[in-house]
Amino acid sequence: MSYSAQNIRNVCLLGHGGNGKTSLAESMLYLTGGTLRQGNPADGNTICDYDPEEIRRQFSITTAVAPIEYKGCKINILDTPGYFDFSGEVIEALRVAESAVIVCSAKGGMSVGAEKAWKYCEERKLPRILYISKTDEENSDYNAAFATLRERFGKNVAPIVAPIWDANKKVIGIIDVLHKRAYEIKDSKRLEIDVPEEKKPVLDELYNALKESVAETSEEMMEKFFDGEEFTYAEMIQGLRTGVKDLSIYPVVCGSAVSNLGTFMLMDTIVDLMPNPLEGIPELAEGQNGETEEYVASTGALPCVFVWKTVSDQYGKYSYIKVVSGNLTSDMQLVNSRTGDTEKLGRLYVMKGKKAEEVKEISCGDIGAVGKMDKLKTGDTLCDARKVVKLSAIPFPEPCYSVAILPKTKGQEDKIAGGLTRLGEEDLTFTWVSNAETRQMVISGTGDMQMDVLVARLKSRFGVDSELRSVRVPYREKIKKKVEAHGRHKKQSGGSGQFGDVWIRFEPQEESDDLIFSDAVFGGSVPKNFFPAVEKGLRDSVHRGVLAGYPLVGLKATLYDGSYHPVDSNEMAFKTAAQLAYKEGIPNAAPTILEPIGALNVTIPDHYLGDVMGDLNKRRGRVMGMNPTDDGEQILEAEVPMSEMTSYAIDLRSITQSRGSFTFRFVRYEEAPPAAQQKAIEEAKALHEEE
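Residue numbers are given in the numbering used here: position 688 of the sequence shown equals residue 2139, and the series is strictly consecutive.
Next up, the structure:
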C-alpha cells in the first residue's frame, strides 16, 4: 500500500545499549499485525536483529527498518544500535528521520546513550519523544527516571502519561493525560479502565502543565490561557504539534515493550505529534553551479532519492533509499550526481528487517530499497536529469582506533583485502590500508567491538580466519654528528674483477627528510660516471638504519675522495663501496631514534578534565591548551607520541564513561627519550626474529 507523505512518519529509535529499543520495535510490529509472534532479543528471533552476529551477541549492530501501519499512517521505525562502536549506523538513520524516540530505562535513569542521543538530536534540530522503558520490571523507578530527565533536559520535558501502580509499586497501567483516559494491557490488548481516584489530582496537574506548554506556542493561545478559557482538543493537539516541531516541548511516554504496556500510547503520540517528511528540516543540496541551497521536499516535484545505507550479504545487495521528492517507480532512469552516470533503477522493495517485499512504487517521504545496483554507494543522490543536485553527505565520525589484521593461515592476505573491501561498502566508519613500511594491513575504526565484529564477518561471509595485533609504530633514525667513512670493495675471481673505493662525509641536515647527495671530488679520483652508482648505493642503504632497521632520515652524504681501477671498476662496485662506507660511518655518527608525534584534540565534559590530563601525563603528552565549547564541554589540545596512543580510544571511553571523543593526527618526528628508544629497538629485534 502506498502512503501520501502527510501520512508517513520516519522515526529513529535512539538510546543506550540494553535499554529496549529492539524490544520496543518488536512490540509495535506485533500490536499492528506486522509480525505474528513477538520476538525477544535474548532468543534471537526479533525482526530487527537478524544478522548472525546480532543474534550471537544479543544486541544490535546495524540499523534495521521496521515499517508499521497504524491509524492510516505508515511509521518507518529505524532501530539503531546502542553501543558507540556502531555510531555510524545511528548517524545514517538520523540522516533520513524527521523525529526520534529516545529510549531511557526506568531502572537506570539517565544513561550516556540517552545523553548522546539528545546531543545528536540537538545538532540536527530533530523533534523527539522520551520513552521510559521497563517500567514494570523489578527495581524500576519511573519517578526517579523522569526526575533525572527533567533535571538534565529542562522543564520542556512534558509528561503526557501518568503510570498507575499497584500496592507493590509495580506499574500496571497508564493514564493518557491528553485524552484523560486510563488503560491497562490484557493479552496484548489495550483495555480502557476508570482513572483511579487517587490519580485524578495528578491527572489534573499534568493536564494543566500541558495546557501551559501549549499556551506558550503562540500569543493567541497564551491570551486564551490567561483569560481562563479551555482549549479544545484540536487546539491542544495543534499546540503540542507546534511545540514538538519548534523544540519547545519534548513529550514523555512510558511503558514496557515485553507486556506491550504504553506501546499504543507511543504510536498515538508519533502519529499525532511527530512531523511528516514534508514538515522536516529542508535538505541542503549542491546544485550544478556548485552552490549549496535548501532543497525542500515536495510530492509533485521531480524525483530525488538519497542512498543512506548499503547492505551486501548472503541475501543480495540492497541500497536503502529515502525518496526526498517526487515518486519512484522501478525501471526509472535517474542521474547519479556523484558520477554523472544515468542509472536504470532495479526492483524496488520495502524492507522489514531482512525481509524484502517487492513494490511497484515508493512515494515521496517514504523509505525503501533498490536491489542489485552495484555502482550505487552510501551517500549517493539519484535525481532527474532536468534537475541534478547532490544532497549533503552523511557526517561519519573520523576513525580513531587502529589495529593490524593478519590471516591465521599465510597467503590469505588477498582474501582479507577482498572481504574488507566488501564490508566497507556497508560500513563507512572504518578504513584499511596496506602499510608497506610496517608491512601490516591496518584497519582504523571506532573501537574494539567494531573490529571484533569485522573479524567475525570475515570468517562467516568470506571464510577467512584472521587475528588482530597492535599496530607497529613507524619510527625513524637520524645521526647527530658529522663523520667521514671509507668504503672499499675489491673482488678478484679470474678475468675482470670488481673495484670501487670511496670516502664519504656523513652529516645531519634539517632541510629535508630525504637524502641529500653531493660530490666534492677533485682531480678525478672517482670518475663522474660512477657518482650515480654511489648515490644509488646510499639511497638503498638509508631504508634501514643501524640501530633498529628503521629508515634513516635527515642525512647529507658528500663523496669527496676515492680511487678506481681502469679495468675492474664498474657501477656495481661503487654502489657496494658506498654501502660499506654507510655501514662503517653511521654507527659512529651518534645515531638516534625519532618517534612520531601527533596532535590530539580531546572533547570532554568539564568534570573529567583532571583525569584526562593525568592520563595524558602518563603517556608523555604535552598539554598545549584548552578551549571551551558552546555546550559546556572542553576541547583539550595536546601533543602525544604515537606509540602511547595504541589503546587511547578504549581508555578514554573508560575514563569518561563514553562521554569523551577525540581526533589524532601526525604532525612531526622528534627524538625519543632513552627508554622509548630501547623499547623501539627491542620491538624491532623481536619482529626480526619472528620473521
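Just so you know, even glycine gets a beta-carbon here, dropped at the ideal spot from N, CA and C.
Exercise. Have a look at Tyr1852 and Ser1917 and give me their C-alpha separation to the nearest angstrom.
Key: 18 angstroms
Quiz prompt | Same chain, Cβ closer than 6 angstroms to Ala2135, neighbours up to 5 away in sequence not counted | solution = Ala1999 and Gly2000
Exercise. Could you give the DSSP three-state label for Glu1629: helix, strand or coil?
Key: The displayed chain sequence assigns Leu, not Glu, to residue 1629. Correct three-state label for Leu1629: coil.
Exercise. Could you tell me whether the Cβ atoms of Leu1629 and Leu1661 are closer together than 8 angstroms?
Key: Taking C-beta atoms as the reference points, Leu1629 and Leu1661 count as a pair closer than 8 angstroms.
Quiz item: Measuring CA to CA, which of Lys1861, Ala1868, Lys1828 and Gln1784 is closest to Arg1837?
Solution: Nearest to Arg1837 by alpha-carbon distance, out of Lys1861, Ala1868, Lys1828 and Gln1784, is Gln1784.
Quiz item: Can you tell me whether Lys1795 is buried or exposed, with buried defined as 16 or more other CB within 10 angstroms of its CB?
Solution: Of the other Cβ atoms in all chains shown, fewer than 16 fall within 10 Å of the Cβ of Lys1795; this residue is therefore exposed.
Quiz item: Can you list the alpha helix (DSSP H) stretches of 4 or more residues lying completely in the region 1803-1884, in chain order?
Solution: 1864-1877
Self-check item: Opening and closing residue of the alpha helix (DSSP H) in which Asn1619 lies
Solution: Here Asn1619 belongs to no alpha helix (DSSP H), and DSSP marks it neither H nor E.
Quiz item: Ala1596: buried (16+ other C-beta within 10 angstroms of its C-beta) or exposed?
Solution: Its Cβ being crowded by 16 or more others within 10 Å, Ala1596 is buried.
Quiz prompt | Inter-residue Cα distance where the pair is Ser1969 and Leu2067 | solution = 43 angstroms
Quiz item: Do you know how far the Cα of Val1709 is from the Cα of Thr1586?
Solution: C-alpha of Thr1586 to C-alpha of Val1709: approximately 10 angstroms in a straight line.
Exercise. Could you have a look at Gln1901 and say whether DSSP puts it in helix, strand or coil?
Key: helix
Exercise. Identify which residue in Glu1935, Gly2083 and Ala1493 has its Cα closest to the Cα of Ala2032.
Key: Looking at the Cα atoms, Glu1935 is the closest of the given residues.
Self-check item: Val1704 and Val1762 closer than 8 angstroms at C-beta
Solution: no
Quiz prompt | Pick from Thr1793, Lys1828 and Glu1656 that is closest to Arg1873, judged by C-alpha positions | solution = Lys1828
Practice problem: Flag this pair as touching only if the region 2089-2100 and the region 2070-2077 have three or more C-beta atom pairs under 8 angstroms; answer yes or no. | Solution: yes
Quiz item: In three-state terms, what does DSSP make of Ala2089?
Solution: strand
Quiz item: Going by other Cβ atoms of all chains shown within 10 Å of its Cβ, with 16 needed for buried, is Asn1619 buried or exposed?
Solution: exposed
Quiz item: Which of helix, strand or coil does DSSP assign to His2058?
Solution: helix
Exercise. Would you mind stating whether Gly1948 and Ala2028 have Cβ atoms separated by less than 8 angstroms?
Key: no
Self-check item: Cβ-Cβ distance between Gly1539 and Gly1466 below 8 angstroms
Solution: Contact flag unset, no.
Self-check item: Proximity below 8 angstroms, CB of Arg1956 to CB of Thr2009
Solution: Yes, Cβ-Cβ distance for Arg1956 and Thr2009 is below 8 angstroms.
Quiz item: Quick one: what's Ala1439 bridged to in DSSP?
Solution: The displayed coordinates of the chain run from 1452 to 2142. Any statement about residue 1439 would go beyond what the structure contains.
Exercise. With distances taken Cα to Cα, identify the nearest neighbour of Lys1859 among Gly1869, Val1906, Asp1878 and Ser1669.
Key: Val1906
Practice problem: Indicate whether the contact test is met: 3 or more Cβ pairs, each with one atom in the region 1738-1749 and one in the region 1499-1511, closer than 8 angstroms. | Solution: no
Self-check item: Residues bridged to Trp1424 (per DSSP)
Solution: Nothing about residue 1424 can be reported from this structure: the residues present for the chain run from 1452 to 2142 only.
Self-check item: Nearest residue (CA-CA) to Gly1731, options Ile1459, Ile2106 and Arg2119
Solution: Ile1459
Quiz item: According to the neighbour-count rule (16 or more other Cβ atoms, all chains shown, within 10 Å of its Cβ), is Phe2117 buried or exposed?
Solution: exposed
Quiz prompt | Per-residue burial, Pro2124 [other beta carbons within 10 Å of its own, 16 or more giving buried] | solution = Classification for Pro2124: exposed.
Exercise. Measure the C-alpha to C-alpha separation of Ala1752 and Leu1529 and round it to an integer number of angstroms.
Key: 26 angstroms
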